[in-house]
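Below you'll find the structure, written out as structure tokens, and then a few comments.
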Ligand SMILES: [Zn+2]
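In my numbering, the protein residues as written are 16 to 471.
What follows is the structure, encoded as structure tokens:
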């Protein structure tokens, strides 16, 4: 029998209005249920079985192109079962996993196969893998591309964890011809050590419980110099450059100018840079440590303007949890705490809360959190928008409802959050994967049906 979903605000590339998603009858093999048509409610077949979500909004499943799942090897930090559960509760239907903090790091095909093996049967939503570009693994890059990674990630500075080596200019120049040949994007953690080492040297006797000390230790210049280096290399080698977690708004102008020159550059920022401001961060509040750091209130507003201008086209979580003890909450020292902010299950409400205050629409949020990250990961043909012929993968949201962040909302491995106790707008009521709910009214599907998106 025909099945259809109706809501007052179905967000498609054409707009947000009351319309119906009519599903194909039966299952299309591994694709599950496909969308046959997006049509007027009055045009549905008379015998269609209809679920009407009324005043709710129906968005394409969100895509998070920046998640640290940490499995295999550090599943006690986060794993496929817990991360994808949090994702489903947060409206995400695809996660793209970062190649570090897991063991082995995803820098060889063998490591990618180990990840696939450990993920089997664990994932509530779909996932894909980024490969790592590290010192000395240039010969692994094209094999990783052929094995199906979505692109490559590199660090221009120590990544906070041994095992995934940073990459200097010389190593980059060896890797970039292969990356350009692959056609896949290179995602760059854009901070250079020079300005950070110089700043940290002068802070040796400072009070590291103060957020101001940490912020001063990672100045805007560290991001700016790294971004300038990458723009020069992008011009020289012609690869797709993606700047992850942009924190400094000072780089927006140069990024915009480089793009105006036709360079293939994309930029992401994260919910925490759009939500918090350095002025409000209490001393000792190490849950808010991340790198690059959360900067000033003026900077935060400039990042929102970057989204408005389209210089920043996507918002990804950089969900990077650790065991709570590594946040050193008792000592509150920013130099000793693990850097990383987890937000997978509440990222949509965090961003939507700020977006509403600044006059943005659900379509904007869908562009930042579904369409653009899908495009970055090469998944535009199967994720990022609701269209006929696509899988019926979507999220049901009450955009007007508020809720308070409690441990019960989080669902990832350790219920610790920098957002605890905050009131946020936008409640994810259900998440559908290929026509079936994987999360609904606080409950999860019993048997995981997520699968890996392989690009090749
Ligand atoms: Zn990250």
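Even for Gly, the Cβ is constructed at its ideal location relative to N, Cα and C.
| Item | Value |
| --- | --- |
| DSSP three-state assignment for residue 418, whether helix, strand or coil | strand |
| Nearest-angstrom Cβ-Cβ length linking residue 468 and residue 394, presumed shorter than 8 Å | 6 Å |
| Exposed unless 16 or more other CB atoms sit within 10 angstroms - verdict on residue 41 | exposed |
| Cβ-Cβ distance between residue 202 and residue 412 below 9 Å | no |
| Rounded C-alpha distance that separates residue 339 from residue 231 | 25 Å |
| Alpha-carbon spacing of residue 334 relative to residue 356, whole angstroms | 6 Å |
| C-beta atoms of residue 257 and residue 200 nearer than 9 Å | yes |
| Pocket of ligand 1 (residues with CB nearer than 6 Å to any heavy atom), chain order | 81, 83, 113, 333, 335 |
| Top-ranked residue by Cα proximity to residue 459, from 224, 427, 431, 239 | 427 |
| Residues bridged to residue 29 [DSSP beta-bridge criterion] | Its beta-bridge partners do not exist; DSSP assigns none. |
| Cβ-Cβ distance between residue 279 and residue 330 below 9 Å | no |
| Identified DSSP bridge partners for residue 147 | 168 |
| Beta carbon of residue 38 nearer than 9 Å to that of residue 60 | no |
| 6 Å CB neighbourhood of residue 274 in its chain, flanking five on each side removed | 280 |
| Proximal residues to residue 365 (C-beta, below 7 Å), its chain only, five neighbours per side dropped | 286, 290, 358, 434, 439 |
| DSSP three-state assignment for residue 83, whether helix, strand or coil | coil |
| Burial state of residue 26 (16 or more Cβ within 10 Å) | buried |
| Whole beta strand (DSSP E) elements within the stretch 198–274, 3-residue minimum | 200–204, 255–258 |
| Rounded Cβ spacing between residue 110 and residue 140 (contact assumed at less than 8 Å) | 6 Å |
| Beta-ladder partner(s) of residue 20, from DSSP | 36, 66 |
| Beta-bridge pairing of residue 15 - partner residues as DSSP gives them | Nothing can be reported for residue 15, as the shown portion of the chain is limited to 16 through 471. |
| contact_flag[the stretch 133–149, the stretch 158–175] where n(CB pairs < 8 Å) is 3 or more | yes |
| Status (buried if at least 16 other CB within 10 Å, exposed otherwise) for residue 368 | buried |
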